[in-house]
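S.K.:
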Amino acid sequence: MPDALDRAVAHARAWIAGHDTRSVAPTASYAELKRRIDVGLNDEGVAPEQVIDDLAAAVEGGLLGSPSARFFAWVIGGSVDSALAADVLTTAWDQNQGIYVCGPAASVVEETAGAWLKDLFDLPREASFAFVTGCQMAHGVGLAAARHGLLTRAGWDVETHGLFGAPRLRILTSDRAHGTLDRAARLLGFGTAAIQKLPSDADNRLPAAALERALKADDAPAVVALNAGDLITGAFDDFETQIPIAHAHGAWVHVDGAFGLFARASAAKRPLAAGIDNADSWATDMHKWMNVPYDSGVAFVKDAAAHRGAMSATAAYLSVAEEGRDALDWNPEHSRRARAITVYAALRELGRDGVEDLVDRSCRFCRDIVRGIGALDGAEALNDPQLNMGIVRFLSPKPGATDADHDAVTDRVAAAINASGEAYFFNTTWNGRRAMRVAVVNWRTTEDDVTRTVAAAKKALAEVREGVAA
Ligand SMILES: *Cc1c(COP(=O)(O)O)cnc(C)c1O
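Written as structure tokens, this is what we have:
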């Protein structure tokens, strides 16, 4: 008789097998899902395999096809086969990865995966790291280490005395910084008023002269937060120029490399991130380009002592391993999932060459989709992607159409593509105008998917434009 785990694997297989034929967009309404899922808390228990079958039936049509090949909204990866399978094992093994003695093997896997990632991204080998839930928490770890490092230099013990009465710190970044940086800073007591967002240039980069002026204008110790991969255009800050400027003013340099750090794994894309290894901390995601299941991000910190100083949580009842890694000295969490196991698996499955190929083909497919859609009658490409992030816009055929008309058509075309089930996009506002973002990070995406996606856009665009012209 099939048990619950077998049933779960069968449902998982059906979900994965359906990626190519199922609508990428959910098809069930909120009311429908609510009715099916909230059946009332039962008094008597239900057999485990029944629970699993009921659950799979209840969510039918309510799952977003984000792990599928034609999902280009936000920056969301899929799961390579070994990572998905390793996630199942991680759950079955159920190790508490807080300390070495609670999971020796998992701890060594984490130590190994962290070292392999430093190698892959060519970051300083002495850097420490933490496997966290995502890039926002990786920002939290990097900024906590920065806070510790800068305040120690200023003669202030922030772990003992907190920020009340502490020397003032500030964060300098560009207006292209991801919103998660703000939230991480807020949670650490910086407050958003401590974040100065300097205007970016036409290429979405932080101008070096403005950074230098801002550093000179105020004596307060600063964190300079730079971008490796702008969230809309994939642009990189100029690390070779900016990091030396920041360091000359005693600043700590933190890099948001949520997906952009992966440029380091590709010989072709690596020049975009030249000099990034001179930063002090780096935040990246594994659930994006590494294609492991949610949730998975990593922080790296060059000054391991600052990192450990900010995070260390060793209490008397916790045995400190003589050898092996106690993750709670590096992580914000106490008890936690053995999150690095999927990363270890994905790195083994792909190898260096596989990661490079994944990065290169994602970039090529993004460019092909942007150029392909941009060449359609009534469409325009707003960038020529240098990485895996592109933007396109659709135009109203109305004579004398205004930007607002083009905005409306852009939103209607994206909605029509999504409604077709063929591909999935999410629009943004870029330079004051609506634009459709094209993010390619999924290992499943193929040339065929590019063709199918451009065809779906062509059809949706023609329908919307006919409707507008009529
Ligand atoms: C996705 C993303 C983040 C946030 O990552 P989470 O994993 O969602 O916390 C931060 N910065 C950039 C550039 C991103 O693309």
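Numbering (our numbering), first residue to last: -6 to 463. The beta-carbon is built from N, C-alpha and C at its ideal position, and this holds for glycine as well. Treat the numbers as computed from the prediction; the structure is a model and nothing was measured.
Of all the beta strand (DSSP E) runs that stay within the bounds of the region 200 to 242, which reach a length of 3 or more residues?
M.R.: Counting only unbroken stretches of 3 or more residues, the beta strand (DSSP E) elements lying wholly within the region 200 to 242 are 215 to 220, in sequence order.
S.K.: Distance cutoff 7 Å, beta carbons only. Does residue 19 sit that close to anything in chain B?
M.R.: Any reference to chain B falls outside this structure, which holds one protein chain only.
S.K.: Apply the 10 Å Cβ neighbour rule to residue 158 and answer buried if 16 or more other Cβ atoms are within range, or exposed otherwise.
M.R.: On the sequence shown, residue 158 is found 165 positions in, with the first residue counted as 1. So residue 158 ends up on the exposed side.
S.K.: Would you list the one or two residues that DSSP bridges to residue 373?
M.R.: Numbered from its first residue, the sequence shown carries residue 373 at position 380. 386, per the DSSP bridge assignment.
S.K.: Taking 6 Å as the cut-off, is the CB of residue 128 close to at least one heavy atom of ligand 1?
M.R.: Position 135 of the sequence shown, counted from the start, is the residue given in the question as residue 128. Flag set: Cβ of residue 128 near ligand 1.
S.K.: Just to confirm, is the Cβ distance from residue 17 to residue 65 under 7 Å?
M.R.: Taking the first residue of the sequence shown as position 1, residue 17 is located at position 24. Taking the first residue of the sequence shown as position 1, residue 65 is located at position 72. Going by C-beta atoms, residue 17 is not nearer than 7 Å to residue 65.
S.K.: Is residue 190 helix, strand or coil when you go by DSSP?
M.R.: Counting from one through the sequence shown, the residue named residue 190 turns up at place 197. Residue state, collapsed to three classes: strand.
S.K.: How is residue 33 classed by DSSP in three states: helix, strand or coil?
M.R.: Against the sequence shown, residue 33 aligns to sequence position 40. Note: residue 33 maps to coil in three-state DSSP.
S.K.: Can you tell me where the alpha helix (DSSP H) holding residue 381 begins and where it ends?
M.R.: Taking the sequence shown and counting its residues from 1, one reaches residue 381 at position 388. From DSSP, residue 381 is part of no alpha helix (DSSP H); its letter is neither H nor E.
S.K.: Are at least three pairs of beta-carbons, each pair with one atom in the region 74 to 86 and one in the region 329 to 348, less than 8 Å apart?
M.R.: yes
S.K.: Return yes when the Cβ of residue 227 is within less than 7 Å of the Cβ of residue 382, no when it is not.
M.R.: Along the sequence shown, one-based indexing puts residue 382 at 389. Along the sequence shown, one-based indexing puts residue 227 at 234. The answer is yes: Cβ separation under 7 Å.
S.K.: With contact counted as at least three CB pairs below 8 Å, one residue from each stretch, are the region 238 to 258 and the region 210 to 228 in contact?
M.R.: yes
S.K.: Going by beta carbon distance, what residues of the same chain come within less than 7 Å of residue 339, once the five residues before and after it are set aside?
M.R.: Along the sequence shown, read from residue 1 onward, the residue named residue 339 stands at position 346. So the list reads 73, 75, 76, 283, 284 and 285, once near-sequence residues are dropped.
S.K.: Indicate, with yes or no, if ligand 1 has a heavy atom lying under 6 Å from the CB of residue 422.
M.R.: Residue mapping note: residue 422 aligns to position 429 of the sequence shown, counting from 1. Flag unset: Cβ of residue 422 not near ligand 1.
S.K.: I need the straight-line Cα distance from residue 200 to residue 54, nearest angstrom please.
M.R.: Indexing the sequence shown from 1 puts residue 200 at position 207. Indexing the sequence shown from 1 puts residue 54 at position 61. Residue 200 and residue 54: Cα-Cα distance of roughly 46 Å.
S.K.: Starting from the Cα of residue 271, find the closest Cα among 301, 49 and 239 and give me that residue.
M.R.: Your numbering for residue 271 matches position 278 in the sequence shown. For the residues 301, 49 and 239, the minimum Cα distance to residue 271 belongs to 239.
S.K.: Can you name the residues that DSSP bridges to residue 248?
M.R.: Locating residue 248 in the sequence shown gives position 255, counting from the first residue. According to DSSP, residue 248 bridges with 219 and 275.
S.K.: Can you give the Cα-Cα distance for residue 35 and residue 175, rounded to whole angstroms?
M.R.: The residue labelled residue 35 in the question sits at position 42 within the sequence shown. The residue labelled residue 175 in the question sits at position 182 within the sequence shown. Their backbone Cα atoms lie some 42 Å apart in a straight line.
S.K.: Residue 225 to residue 287, Cα distance in whole Å?
M.R.: As a position in the sequence shown, residue 225 is number 232, starting the count at 1. As a position in the sequence shown, residue 287 is number 294, starting the count at 1. Linking residue 225 to residue 287 through their CA atoms gives a straight-line distance of about 21 Å.
S.K.: Cβ-heavy atom distance between residue 242 and ligand 1 below 6 Å?
M.R.: As a working mapping, residue 242 is identified with position 249 in the sequence shown. Not so, every heavy atom of ligand 1 lies at least 6 Å from the Cβ.
S.K.: Since residue 62 and residue 353 are thought to touch, with beta carbons under 8 Å apart, how far apart are those beta carbons, to the nearest angstrom?
M.R.: Locating residue 62 in the sequence shown gives position 69, where the first residue counts as 1. Locating residue 353 in the sequence shown gives position 360, where the first residue counts as 1. The Cβ separation is near 17 Å, so there is no contact.
S.K.: With which residues is residue 366 paired in a DSSP beta bridge?
M.R.: Working through the sequence shown from its first residue, we reach residue 366 at position 373. Residue 366 pairs with nothing; no bridge assigned.
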